[in-house]
Structure formats: structure tokens, C-alpha cells
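What follows is a set of notes on a single structure, which appears directly below.
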Amino acid sequence: MKGRYFVMSLPRKRSSFAVFLIIAMLLNMAGVLYVAPEPAHAAGTTYYVDSAGGNDTNPGTSSSAPWATLAKVNGTTFQPGDKILFKSGGVWTGQLWPKGSGASGNPIVIDSYGTGAKPIMNEAGTSYPANTSGAVMLYNQEYWEINNLEVTNFSSSIVSSRAGILVYNNQPGLKNHIYVRNCYVHDVNSDVNGNKNSGGIIFFGTHIDKDGKATVGLQAGFNDVLVENNHVANVTKEGIRTKSDAGNGYPKISTNVVFRSNFVEEVWGDGMVLAEVLSGALAEYNTIKNHSKTSSGNYAGLWTHYTTGAVVQFNEVYGGSGGNNDGEAFDSDNNCIGDVFQYNYSHNNSGGLVLVMPSASNLKFRYNISENDGYRSGQEIFFYHSTSPGNEIYNNTIYVGPNVKTQVFDNDSNMVKFYNNIIKADGTITKFAEKAWSTSAVFQNNSFYPATIDDINGPASHPGLITADPQLVNPGAGETNINMNDPNRLNGYKLQPTSPLINSGIPVANNGGRDFWGTALYNGNPDIGAFEHASGGPVQPSVSYEPTADSYVRDRAYAGMNYGTEATMMVKADASGFARKAYVKFNYGTFGGSSAASAKVKVYVPAVNTDASRTVKLYGTADKSWSETGITWNNAPAGTTLLGSAVMSNTVGTWYEFDVTSYVNSQMSDKLVSFLLVNEGAASSKGDVSFNTKEAASNKPQLVLTQ
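Numbering (this note's numbering), first residue to last: 173 to 879.
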């Protein structure tokens, strides 16, 4: 009966009880057992499930009277605030697909209870007619948290794509707040030649439903995704990834996607992919081991695809052995704009260090360490084909050890800025680049040792080049599975005090403020490589969040109107009917700390009137329930806590910031803050100022947190 539906014509105006009896009798005559749906229950209920000691006739609301089966769980529609707790040490066979959705601030939570091993969900190979299926699955659902499960999805019969944990959206727009934490997902097999929507933990937004019906052009994605502290092993194809596919392209639609502190190993395809993320993409503190184990397709360790402003930092990626044309540790792929790869460690990736595709633009690749990447025959350290003049590769330390033979660049483009980098080779550099560089390529103040590195197709001009021994402390130690918070990690790649590279680099603007080990930049002139020689205290990285909602409101005749979809929001003190104030809301639920050392709200001014100055105040609002498309002057919340003010000139193109550290730390319980921007000064028809909103193409409001 699964997947089939029967429609019966019934007489009109019958009572609901009579209809029920007719359906029951007809189903009984057909030999079908009628099972009534689960009754509605109060929100915030905790349910217990015990595979060995439970019974589905139990109420399930206490550990002494738990349910037993996945069928019972899957047949229940859960409510916001509910918890589904599986007994530690229990084992279930089959698919876990509970129904229902939570609500903002009130998710549905899957977790364990008791002591012992994680509850195990053993699925013997899920299969849907035309798309991916998951051992643990959410389908067109939101506001869920999945914690502390062990999941498999293996069958000797490989007939379709499958995943361990699959979050599947086939509805237009975004599904919100899906967290997957502390799970062990392993032994998931899938068609080796199948789609890249299979593997370990997959977030899949698609125009095709689970039964194969397609709606070309449908754009589906996710907002507020956190995948943290998971172990993914022995899966096909992907380790952890997002993916959106509209059938006629890849919509850059998802927002606020964070992959943090995961261990991914023995992956037949890509290790980790942030794909189709419009803003707020972050991958940090992950370890990816032995990715790209097959060459049936192009795979890499950790990469971005159709992203804007993604940050990839503090990751270790190693052991990629296949990947066909690729196999690199990192990749800034198609239509990636302004991505930052920093403070990462890669080693022994056969395909190389990084791939940069032709349409990738404004990339910053900085303060990374590479050891023995690009060792496979015909491969290189940098596969660089971008035509963007805004890409920058600087202050990286690259070591080629004995018995490794490679080249530095496969270059199909001359648009590169390459400075303050170390390339030290104790192995063999066959040639510097595949093709000769033109004068449009910028090479400056790098360290190449030995000097023969750039003999074949080296830069046409290279001011500041140093060819003396860089005097690294002890490169090539082969460290693995390092702790990125250890101040003594990879000390062999620091510079000795007598190194000629100290104070020999060129300054770089907007450089991230720290070196690989956390030393502040700069101490004197910049050093060459990932190490800055002098130190105060370590500098912690910051994380930026874009608004989840913003708008302005206007009084009098416009008091019932909403302006939430506009690209700017105005603040103005003026006569009645002309006054305006602005609201902005941030969700920093993916922030890893329990407190922030610094928190700042930043807003950008694209337009301002002719008054020489105006003072804009920032308030926190206790009411955070307003929505972007519903807020008006009539229902807008009042400002309750004055957090700061800024005197703003009549100069456009200016950023202003407000220190909100104490306020942000006071809201750590839900990590949601709402702010009011208002001018409470004298009325003036020429005193208005406009700020970009999240709908603007660039320079959107930011909440910047430093841990």
C-alpha cells in the first residue's frame, strides 16, 4: 500500500462519524486494516523509545513506558518543542522519518537517553524511485535538531543514491533551523556513478520530489544549518554537503550554513562541500582524511560551489588519492564570489593544494600550510584557471618533500596576484607553470627555494623575490589530525630568528589580522609565509552574520505599510508623516562560544541627505517576534536598551559600527538579537540617512562576533 492512494466518492451531508464507519467497513471488506492516525498531543512532550524494553501500546511519555519501534515514531506527527529520545545501546532496523515541524525558538529534538553507546539506526539500503533516500530523513520539514545517533545505510544491492542523514526540501524557498550534532554516520553505499546528493550527511534542495515528479525552476534550500561534531566514515559519495538543483541551474539560495568540528574519513567522493549558499557559509575546525578515493568523477577535499563570501578556515585536509581531474585539498569552484580560505593545513593530496575555476572571483587564499600536495603524475599544486583580477594568493607556506615530483601551476589564465608566499622544494619541481605568464600576472616578494623553481614558465617580472633558504624550523614532519587550537601545532613551519624572510614581505590590506598561529599582523614589515615573527597575544578570528530580517517603518499615513523587501532602509527625524526608523534582526545560533569577546553591529551608508551630520542611536528590542514582511510603524517594537550612538556625516560609502558585546552576551540563551536604529534629534527634512539591507547586492548589515 505504500505510495498508493485510493479516492472514494461519498454522499454529501453525512456526519463525520458516519463517514468514518463507511471508510472502516470498506477497508475491512477489502482486507485492509484501518489504522487511525495518531491523535494530536500537547506541544513540548518528551517521548521515549526503547528497542528492547518498549511497547508501541505504551504512552511513550516516560522512560518506564517507552515506545519500541521506528514505525510508531514515523507514524506520529510531532509538535514544536517535542523531544524524541532513543535509549542508548538500542538498535533499530529501518528508516527513521518522523513527521511534523517545529517552530522558531521551539524545535523538535531527536536525542538519546540513558548511558552507553549511541542509539543505532541500521537501514539495509533505502531506495526511492528517482532520487536520494536517507536512513534518517526529514522531508519538507524544518526546525529540527538531530543529536547523538549512529546511522548506517548499506545494501549489497546498489540500485539508487542513498544517504545516512538526509534533509530533503522540495518546496520553494528555505527550510529553517536544521542542526545535526554528535552523530556517527558510516557504511553508506550508493551508486558510484550516481549523483552528488548521496553520502553521509546531505542537505538537498531540489525540483524533484522523492517519487520523481519534477518542477523545473523550483528553487529550494535551507537557512540556519549547523553540522557539528559528527564523525562520517566509509560513505559514497559525499561526506557532508549542501546541494540545490532547480533543473535549469544551481540556485544560490541557502543562507547561514555552518560545518564545524567534524571528522570525515574514507570518502569515495568529496569530503565536504558548501554549495549554493548565498551568504553565511562557514566550514571550520574540520578534519577530512582520505577523500576522493575513486576517480569515477571529479572530487576534492573541501570546496565551495555557487557561494558568496564563504569562509573556510582551521581545517585539516589530507590523503586524497583519486578525484580524476581534481583531487585537490580545496576548491573555489563555479560562480564563487569573495570566498576566503585561511589558516588551513593540507598534506598528501594527490591532486594538489587548490583548484580555482574560471568563474571564481575575488578569492582570498591566505595563511595556509601545504605539505606534499600535488604528487600524482600530471598534477600540480595550484590548478588556477580564474579570469578574475580580484583573486589574491598570499602568505602561504608550501613544502615539497623528498621523492615528490610536481609543478607549481596549471595556468589557463594570467590574472593572478601572488605575493608573500614560500615555496620550498626538497623534491622536484618539473616546471613552474604549464604556460608562460603575461605582464598582467602579479608576482611580488615571494620566497622560492631553490632558485630553479621558476626556471620554466616563471613570472615575467618578480620584484622582491628571495631565493635564499627560507630557514623554516623543521618542515615536512608529517603531522596528522592536529588540534587547530594548539599554539604549538606545526611549529616546523615557523621561521627561524635568522630567516631572511622576516620583514621582507609587502603589506596587504584586509589581511584577516592574524597569522596561522594567531599572531597579530604586522610586527614591523610583513614576513613572508604563514608565520609572523613577533607576537603579543593570539588574535581570535571573527565570524560575521547577516540579518535574518530587516526593514524600516514610516509614520502617519504610511503607518500600516511594510517596506521589508527594499534594498535600503531609511532613518529620519522629521515632521509627522515623514519620520522613519529601521529594524534589523540577527540569529547567531551557530556561534560556537558561550560568550563573545567582542560583538559589533556594522551598517553601510549608500545614501545620505545634505545635513552636515545626524546622530543615530541603536537600541535593543525585547520583542524579537517581528517579521520582515509584517513589521509596520503600528506594530513595530519599542527600543528597550540603548546600546550606543553614532554621529554620521553626509558622506556616502561609509561603514558605521556599534559595540553590542554586553547585549549579545546577555542573549546567549536563544542567540537571537533585534535592534532599532532611530534618530531622536530635532526634525529635519535634510537629515535622513539610508543603510543597505540584506536585500542589497553587497555591503549588507553585519553582526561581527569574536570569541
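Ideal Cβ positions, reconstructed from N, Cα and C, are used throughout, including at glycine. These figures come from a predicted structure and were not determined experimentally.
Which residue comes first and which comes last in the beta strand (DSSP E) that contains residue i?
i	result
residue 849	844-850
residue 801	Segment: none, residue 801 is in no beta strand (DSSP E) and carries neither H nor E.
residue 742	740-743
residue 645	That residue, residue 645, is in no beta strand (DSSP E); it is neither H nor E in DSSP.
residue 295	292-295
residue 587	Counting along the chain, residue 587 falls outside any beta strand (DSSP E), and DSSP gives it neither H nor E.
residue 867	Segment: none, residue 867 is in no beta strand (DSSP E) and carries neither H nor E.
residue 718	Element bounds for residue 718: n/a, residue is neither H nor E.
residue 570	569-572
Quick check: the Cα distance between residue i and residue j, rounded to an integer number of angstroms?
i	j	result
residue 298	residue 612	53 Å
residue 754	residue 850	7 Å
residue 735	residue 725	7 Å
residue 822	residue 833	28 Å
residue 798	residue 809	8 Å
residue 269	residue 246	5 Å
residue 316	residue 353	11 Å
residue 831	residue 795	20 Å
residue 624	residue 639	9 Å
residue 407	residue 592	39 Å
residue 473	residue 517	12 Å
residue 455	residue 545	21 Å
residue 540	residue 512	11 Å
residue 863	residue 873	8 Å
residue 843	residue 856	36 Å
residue 869	residue 720	15 Å
residue 641	residue 574	16 Å
residue 275	residue 525	42 Å
residue 626	residue 652	30 Å
residue 637	residue 570	15 Å
residue 224	residue 240	7 Å
residue 491	residue 462	4 Å
residue 396	residue 350	7 Å
residue 527	residue 291	39 Å
Figure out for me which residue from the options has the closest Cα to the Cα of residue i.
i	options	result
residue 715	353, 291 and 875	875
residue 340	318, 315, 374 and 468	374
residue 485	515, 468 and 491	515
residue 531	490, 286 and 480	480
residue 249	276, 311, 291 and 292	311
residue 688	836, 370 and 702	702
residue 835	853, 818, 814 and 828	814
residue 686	776, 878 and 392	878
residue 644	784, 279, 663 and 219	663
residue 775	619, 820, 728 and 371	820
residue 303	265, 351, 730 and 338	338
residue 252	806, 314, 264 and 227	314
residue 286	272, 262 and 276	262
residue 536	492, 482 and 571	482
residue 566	533, 362, 677 and 329	677
residue 389	396, 377 and 395	377
residue 233	224, 257, 827 and 502	257
residue 655	493, 342, 322 and 459	459
Quick one: what does DSSP say residue i is sitting in, helix, strand or coil?
i	result
residue 243	helix
residue 544	coil
residue 764	coil
residue 663	helix
residue 460	strand
residue 729	helix
residue 626	helix
residue 222	coil
residue 307	strand
residue 435	strand
residue 758	strand
residue 862	strand
residue 267	coil
residue 656	coil
residue 213	Reliability fails at residue 213, whose pLDDT of 46 lies under 50, so the model's placement of it is uncertain and the value that follows must be treated cautiously. Three-state result, residue 213: coil.
Report, in whole angstroms, the separation of the C-beta atoms of residue i and residue j, which I expect to be a contact under 8 Å.
i	j	result
residue 433	residue 401	5 Å
residue 792	residue 846	7 Å
residue 255	residue 222	Not quite, the Cβ-Cβ distance comes to about 15 Å (not below 8 Å), so this is no contact.
residue 837	residue 767	5 Å
residue 449	residue 436	About 18 Å separates the two Cβ atoms, so there is no contact after all.
residue 335	residue 384	Their Cβ separation, rounded to whole angstroms, is 17 Å, which puts residue 335 and residue 384 out of contact at 8 Å.
residue 667	residue 634	In fact, because the Cβ distance is near 21 Å, the residues do not count as touching under 8 Å.
Could you spell out the range, first to last residue, of the alpha helix (DSSP H) harbouring residue i?
i	result
residue 835	833-838
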